[in-house]
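Notes for the one structure printed next.
In my numbering, the protein residues as written are 1292 to 1429.
Following this line, the structure appears as structure tokens:
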């Protein structure tokens, strides 16, 4: 039976670490992956005024880039999630029964205000294994 891995990512520059984490989580089994990318690249003012079109376009491109780089033998789905990364995970889990979650964000100093603390909140909120990655986009 295939394992279901939910990948929440806000970075697309270096997908090697994400690929390695997905392969480790699969443990040699076939794997289905859903790549969820929240629209986090927006200012608090843009978020308050719902001006998130550019952020959603960017998030969609990130999801596609990550999905294309994953060497998996199962199904790979993508979606642009809620701008709150933890809410995006919760929404995805309603339709994708994940066995494990991989959270990839920028390091603390480069994280957007919406990304900060998202992996820690995922550890606390979901009764699933969570793998945390920080990837520098520079």
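Heads up, the beta-carbon is just placed ideally off N, CA and C, and yes, glycines get one too.
Checklist line | As assigned by DSSP and simplified to three states, the class of residue 1395 | finding: By one-based count along the chain shown, residue 1395 stands at place 104. When DSSP states are grouped into helix, strand and coil, residue 1395 belongs to the strand group.
Next item on the list: For residue 1307, count neighbouring C-beta atoms within 10 Å of its own C-beta (all shown protein chains included) and say buried if the count is 16 or more, exposed if not.
Entry: Numbered from its first residue, the chain shown carries residue 1307 at position 16. Residue 1307 comes out exposed.
Next item on the list: Can you say whether residue 1422 is buried or exposed, counting buried as having 16 or more other CB atoms within 10 angstroms of its CB?
Entry: For the purposes of this step, residue 1422 is taken as the residue at position 131 of the chain shown. Buried, since its Cβ has 16 or more Cβ neighbours within 10 Å.
Next item on the list: Determine the burial state of residue 1376: buried for a count of at least 16 other Cβ atoms within 10 Å of its Cβ, exposed for fewer.
Entry: As a working note, residue 1376 is residue 85 in the chain shown. Residue burial is scored here from C-beta neighbours: residue 1376 has at least 16 other C-beta atoms within 10 angstroms and is therefore classed as buried.
Check: Nearest to residue 1394 by alpha carbon, out of 1356, 1305, 1425, 1416?
Finding: Taking the chain shown and counting its residues from 1, the one referred to as residue 1394 is at position 103. Checked all of 1356, 1305, 1425, 1416; the closest Cα to residue 1394 is 1425.
Notebook entry, point to check: What residue range is occupied by the uninterrupted beta strand (DSSP E) comprising residue 1372?
Noted result: Position 81 of the chain shown, counting from 1, holds the residue named residue 1372. Run containing residue 1372: 1367-1372, per the beta strand (DSSP E) assignment.
Item checked: Start-to-end residues for the alpha helix (DSSP H) that takes in residue 1363 -> Here the question's residue 1363 lines up with position 72 in the chain shown. Per DSSP, residue 1363 belongs to no alpha helix (DSSP H) and is neither H nor E.
Checklist line | Beta-carbon proximity list for residue 1350, same chain, < 7 Å, skipping 5 on both sides | finding: Walking along the chain shown from the start, residue 1350 turns up at place 59. Closer than 7 Å at the Cβ level, and outside the excluded window around residue 1350, lie 1328, 1329, 1330, 1371.
Next item on the list: Apply the 10 Å Cβ neighbour rule to residue 1380 and answer buried if 16 or more other Cβ atoms are within range, or exposed otherwise.
Entry: Translated into positions along the chain shown, residue 1380 becomes position 89. Buried: at least 16 other Cβ atoms inside 10 Å.
Next item on the list: Kindly indicate which residue of 1382, 1427, 1396 has the alpha-carbon position closest to the one of residue 1417.
Entry: Here residue 1417 is taken as the residue at index 126 of the chain shown, counted from 1. Nearest C-alpha to residue 1417: 1382.
Notebook entry, point to check: Counting only runs that start and end within the region 1307-1333, where is the alpha helix (DSSP H) found for 4 or more residues in a row?
Noted result: 1307-1317
Next item on the list: Can you tell me which of 1390, 1396, 1420 puts its alpha carbon nearest to the alpha carbon of residue 1320?
Entry: Position 29 of the chain shown, counted from the first residue, corresponds to residue 1320. Among 1390, 1396, 1420, the Cα nearest to that of residue 1320 belongs to 1390.
Check: Distance, Cα to Cα, residue 1313 vs residue 1420?
Finding: Indexing the chain shown from 1 puts residue 1313 at position 22. Indexing the chain shown from 1 puts residue 1420 at position 129. Distance between the alpha carbons of residue 1313 and residue 1420 is about 12 Å.
Checklist line | Residue span of the alpha helix (DSSP H) that contains residue 1380, given as start and end | finding: The count along the chain shown starts at 1 and reaches residue 1380 at position 89. Element bounds for residue 1380: 1376-1386.
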